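Asks: Taken in sequence, the protein lines are chains A and B. Mapped onto the working numbering, the consecutive letters of the first sequence carry residue numbers 19 to 409. Mapped onto the working numbering, the consecutive letters of the second sequence carry residue numbers 21 to 198. Just so you know, even glycine gets a beta-carbon here, dropped at the ideal spot from N, CA and C. All values derive from a computational prediction rather than experimental measurement.
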Amino acid sequence: METFLSRYRNLSVLLALIVGQLLLLAYQVKAREDVRLIRLWAVTAVTPLARGIEWVRGGTGGFFTGYIFLRDVQAENQRLRQEVGQMKLRNQFLTAELTTADRAKALLEFRSRIPSKTLPARVIGTGTGANSRVVFVDRGSNDGVKRGMAAITPDGIVGKVVAAYPMASLVQLITEQGSVAGVVSQKNHVRGTLKGQGTTNCIVDYVQNEDKLEPGEWFYTSGADRIFPRGLPVGQVKMVREGRGGKEVVVTPSAVTGSVEEMLIVIDGVQGLIPEPETPASPQISILPAPPPMPGEDQRVAPSAAGEAAGAMQTDADKLRDKYRRIGESQGVDIGSPGPLADFNRNPPAQSAQPAPNAATTPGAQPPAGARTAPGAQPPAAPKPQEPRKQ
Amino acid sequence: MTEYDDRILQAGPRKAKISHFRPAAYIIIPLIAILFQVYVPRFVDFLSYLELPLLVVVYFSLMRRQPVAGAVIGTVIGLVQDSLSQHPLGMFGIAKTLVGYFSASISMRFDVENNALRFILSFFFFLFHQVAFWVFARGLLGQNLELQIPQSIIFAFLNAVVAVPLFLIMDKLRVEEQ
Numbered sequence: 019m020e021t022f023l024s025r026y027r028n029l030s031v032l033l034a035l036i037v038g039q040l041l042l043l044a045y046q047v048k049a050r051e052d053v054r055l056i057r058l059w060a061v062t063a064v065t066p067l068a069r070g071i072e073w074v075r076g077g078t079g080g081f082f083t084g085y086i087f088l089r090d091v092q093a094e095n096q097r098l099r100q101e102v103g104q105m106k107l108r109n110q111f112l113t114a115e116l117t118t119a120d121r122a123k124a125l126l127e128f129r130s131r132i133p134s135k136t137l138p139a140r141v142i143g144t145g146t147g148a149n150s151r152v153v154f155v156d157r158g159s160n161d162g163v164k165r166g167m168a169a170i171t172p173d174g175i176v177g178k179v180v181a182a183y184p185m186a187s188l189v190q191l192i193t194e195q196g197s198v199a200g201v202v203s204q205k206n207h208v209r210g211t212l213k214g215q216g217t218t219n220c221i222v223d224y225v226q227n228e229d230k231l232e233p234g235e236w237f238y239t240s241g242a243d244r245i246f247p248r249g250l251p252v253g254q255v256k257m258v259r260e261g262r263g264g265k266e267v268v269v270t271p272s273a274v275t276g277s278v279e280e281m282l283i284v285i286d287g288v289q290g291l292i293p294e295p296e297t298p299a300s301p302q303i304s305i306l307p308a309p310p311p312m313p314g315e316d317q318r319v320a321p322s323a324a325g326e327a328a329g330a331m332q333t334d335a336d337k338l339r340d341k342y343r344r345i346g347e348s349q350g351v352d353i354g355s356p357g358p359l360a361d362f363n364r365n366p367p368a369q370s371a372q373p374a375p376n377a378a379t380t381p382g383a384q385p386p387a388g389a390r391t392a393p394g395a396q397p398p399a400a401p402k403p404q405e406p407r408k409q
Numbered sequence: 021m022t023e024y025d026d027r028i029l030q031a032g033p034r035k036a037k038i039s040h041f042r043p044a045a046y047i048i049i050p051l052i053a054i055l056f057q058v059y060v061p062r063f064v065d066f067l068s069y070l071e072l073p074l075l076v077v078v079y080f081s082l083m084r085r086q087p088v089a090g091a092v093i094g095t096v097i098g099l100v101q102d103s104l105s106q107h108p109l110g111m112f113g114i115a116k117t118l119v120g121y122f123s124a125s126i127s128m129r130f131d132v133e134n135n136a137l138r139f140i141l142s143f144f145f146f147l148f149h150q151v152a153f154w155v156f157a158r159g160l161l162g163q164n165l166e167l168q169i170p171q172s173i174i175f176a177f178l179n180a181v182v183a184v185p186l187f188l189i190m191d192k193l194r195v196e197e198q
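See below:
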């Protein structure tokens with residue numbers, strides 16, 4: 019055995035290392051527990067260095083870029099940023115009284131407006147791995163942050179806390195593969211599940227093909243996932259099309275479009291309301307007044323208010339049906355019943371003083387000869403009612 | 021076989037020269053690489069493609085020319101990287117263990133101070149690392165990750181481009197044997 023191990027020493031060590039890590043993986047997957055100690059060491063080793071670098075960068079970088087190189091441009095840039103932030107917050111909260119758009123102040127403003135209890139946090143690093151969509155923030159379990167808490171900004175939801183360490187936390191962005199959130203559309207209240215794709219866009223699953231969704235429509239959190247409180251903006255529909263299992267909906271998250279610098283960790287979430295859309299649901303649709311009666315139509319209409327209303331609301335389909343019914347009546351054929359067919363090539367008989375068939379079922383209207391009425395309907399007494407035919 | 025081939029291909033494992041570094045280099049260089057990956061993409065987003073910890077594993081393994089050392093270096097750096105990610109511990113660890121082992125095994129046969137070979141090896145091991153990670157994520161964890169092949173090839177090329185000058189800089193940290 020000893021000879022075997024010494025002969026295949028390299029391979030033995032490789033196998034031992036891989037088997038050891040496989041066991042570690044298996045333990046984490048089976049027990050659904052993290053090996054917290056190792057992570058704690060690594061994060062504790064890296065966090066102070068990251069904070070130090072951030073401090074040095076913030077100080078020296080701000081001095082050089084703000085005062086030495088580009089003083090005017092930097093000032094203008096700051097002013098423009100303030101204006102953009104101001105406009106966003108105005109739209110977000112329907113208020114015209116927000117006078118400052120400084121990001122930190124805006125975050126405080128937002129924080130005071132939402133009912134949930136939140137904690138401001140600052141990004142201090144990103145996760146490892148190419149295209150990593152996780153960030154480290156400078157708030158940890160010492161500040162009350164726990165795993166599963168939501169991270170938000172005034173623009174919308176950012177992600178959720180996947181690990182909380184004493185001095186820092188790991189936030190998984192909503193765009194990361196595997197991220198999910200319950201969402202509901204603003205206009206038609208279509209429910210679905212937002213899923214991160216590892217790209218800048220997300221998809222919304224479980225939307226039926228029959229559901230109404232339009233590009234540009236906003237999605238809000240539904241609160242169904244018990245992570246994000248209801249009523250927070252999520253993003254706008256970028257593309258929607260019908261698929262095999264349901265609609266394919268692509269959503270552009272509103273808060274994770276650029277780099278996120280500050281965010282709020284929701285310590286105690288309170289469900290909010292989903293704001294009503296600003297524009298009417300379908301501006302093309304409106305209720306118009308009833309059209310004037312067609313020439314000659316007044317003869318057919320019963321002399322009652324209800325009959326007039328029925329005649330006035332007659333559609334082209336009703337008129338056509340009325341015409342064919344009159345042709346059938348003139349030939350003694352009841353349309354819709356088994357028996358001989360009427361000759362529809364003949365012209366309909368001239369209009370008499372008979373009431374309109376549509377008015378037959380309305381109170382006070384005269385039923386036409388041979389016209390069918392609803393079972394059990396009482397024919398009017400005057401002047402000489404005909405017995406309704408049984409169906 | 022040409023003279024150039026002779027220079028690239030070692031006559032045998034015995035002729036392979038093992039490079040030595042100060043113990044601090046084995047700690048500080050990987051730490052800088054990991055910090056770079058944690059911190060720099062925050063400000064320079066397009067640099068997020070750089071897998072500096074992987075390049076460090078490849079470099080140390082190539083220069084050490086000992087498969088055991090390469091595997092151990094890969095394991096340690098991979099596990100630290102795992103600790104700072106959202107993945108379970110061991111995903112980067114296993115991938116980098118294999119990278120370290122194989123790159124050290126290759127170094128016993130080739131002249132790893134040749135820049136062209138370094139470029140090719142960096143390109144190859146980046147792809148190997150991505151594919152291995154994808155296989156483990158799907159096979160072991162059942163995650164539905166997508167292997168973006170064109171993007172991975174471009175990233176492998178860019179990492180290989182960075183690797184050549186990076187390895188030349190790290191060559192300066194070698195301790196000359198008396």
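#1: Answer yes or no: do L104/B and V179/A have a C-beta to C-beta separation smaller than 8 Å?
#2: Is the Cβ-Cβ distance between C220/A and L212/A less than 8 Å?
#3: When you compare only the Cα positions, how much space is there between N179/B and T275/A?
#4: So the candidates are Q39/A, S30/A and L67/A; which of them puts its Cα closest to the Cα of M185/A?
#5: Would I36/A count as contacting chain B if we go by Cβ distances under 8 Å?
#6: Does DSSP put R151/A in a helix, in a strand, or in coil?
#7: Can you tell which of E71/B, I97/B, G110/B and D65/B has the C-alpha that lies nearest to the C-alpha of I36/A?
#8: Please decide whether L178/B counts as near chain A, where near means a Cβ-Cβ distance under 8 Å.
#9: Quick check on V181/B - is its C-beta less than 8 Å from some C-beta in chain A?
#10: Report buried or exposed for Q204/A, applying the criterion of at least 16 other Cβ atoms within 10 angstroms of its Cβ.
#11: Could you check where the alpha helix (DSSP H) with A45/B kicks off and where it finishes?
#12: DSSP state of F362/A, grouped into three classes?
#13: Among Q100/A, Q254/A, L29/A and L282/A, which has the Cα closest to the Cα of P172/A?
#14: Taking 8 Å as the threshold, find out whether the stretch 84 to 94 of chain B comes into contact with the stretch 51 to 68 of chain B through three or more Cβ pairs.
#15: Along the alpha helix (DSSP H) that carries K48/A, what are the first and last residues, could you check?
#16: On a CA-only basis, which of L72/B, Q168/B and F146/B is nearest I49/B? Give me that one, please.
#17: Helix, strand or coil for A124/A? Go by DSSP, reduced to three states.
#18: Give the residues of chain B in contact with V155/A, contact being defined as C-beta atoms less than 9 Å apart.
#19: Looking only at its own chain, which residues have a Cβ that is under 8 Å from the Cβ of G234/A, when we skip the five neighbours before and after it?
#20: Check S322/A in the structure and name its three-state DSSP category.
#21: Along chain A, in chain order, which residues have C-beta atoms closer than 7 Å to that of Y121/B?
#22: Could you name the residues of chain A that V155/B contacts, counting a contact when the two beta carbons are closer than 7 Å?
#23: Which residues, in order along the stretch 172 to 188 of chain A, keep a beta-carbon less than 8 Å from a beta-carbon of chain B?
#24: Closest to T217/A by CA distance: which of Q195/A, E294/A and T146/A is it?
#25: Checking contacts by CB at 8 Å: is Y79/B closer than that to chain C?
#26: Quick check: Q289/A and G249/A, are their CB atoms within less than 8 Å of each other?
#27: Thinking just about the alpha-carbon of each residue, which of T146/A, G145/A and L107/A is nearest to the one in E127/A?
Replies: Let me spell this out:
#1: Result no, Cβ atoms of L104/B and V179/A do not sit closer than 8 Å.
#2: Contact: yes.
#3: Rounded to whole angstroms, the gap between the alpha carbons of N179/B and T275/A is 26 Å.
#4: Ranking Q39/A, S30/A and L67/A by Cα distance to M185/A puts L67/A first.
#5: Yes - at least one Cβ of chain B is within 8 Å of the one on I36/A.
#6: DSSP places R151/A outside both helix and strand once states are collapsed to three, so it counts as coil.
#7: Considering only alpha carbons, the answer is G110/B.
#8: For L178/B, no CB of chain A lies under 8 Å from its own CB, so it is not counted at the interface with that chain.
#9: No, V181/B does not count as interfacial toward chain A.
#10: Per the 10 Å Cβ criterion, buried.
#11: From DSSP, the alpha helix (DSSP H) with A45/B extends over P43 to Y59.
#12: Judged by DSSP in its simplified three-state form, F362/A adopts coil rather than helix or strand.
#13: Nearest of Q100/A, Q254/A, L29/A and L282/A to P172/A, Cα basis: L282/A.
#14: Contact fails: fewer than three Cβ-Cβ distances are below 8 Å.
#15: Start and end: R27 to A49.
#16: Sorting L72/B, Q168/B and F146/B by C-alpha distance to the C-alpha of I49/B places L72/B at the top.
#17: Of the three classes helix, strand and coil, the one that applies to A124/A here is helix, per DSSP.
#18: Residues of chain B passing the Cβ test: none, with the nearest at roughly 12 Å.
#19: Exclusion of the five residues before and after G234/A leaves Q254 and V255 as the residues of its chain whose Cβ lies within less than 8 Å of its Cβ.
#20: Caution applies to S322/A, whose pLDDT of 43 falls short of 50 and renders its modelled position unreliable; the model cannot decide the point.
#21: By Cβ distance, chain A contributes L32.
#22: Those do not exist, as V155/B stays about 13 Å from chain A at its closest Cβ, beyond 7 Å.
#23: Going along the stretch 172 to 188 of chain A in chain order, one finds V180, A181 and L188 with a Cβ nearer than 8 Å to chain B.
#24: Residue Q195/A holds the alpha-carbon nearest to the alpha-carbon of T217/A among Q195/A, E294/A and T146/A.
#25: Here the protein chains are A and B, and chain C is not one of them.
#26: Cβ distance < 8 Å, so Q289/A and G249/A count as in contact.
#27: Per the Cα distances, L107/A.
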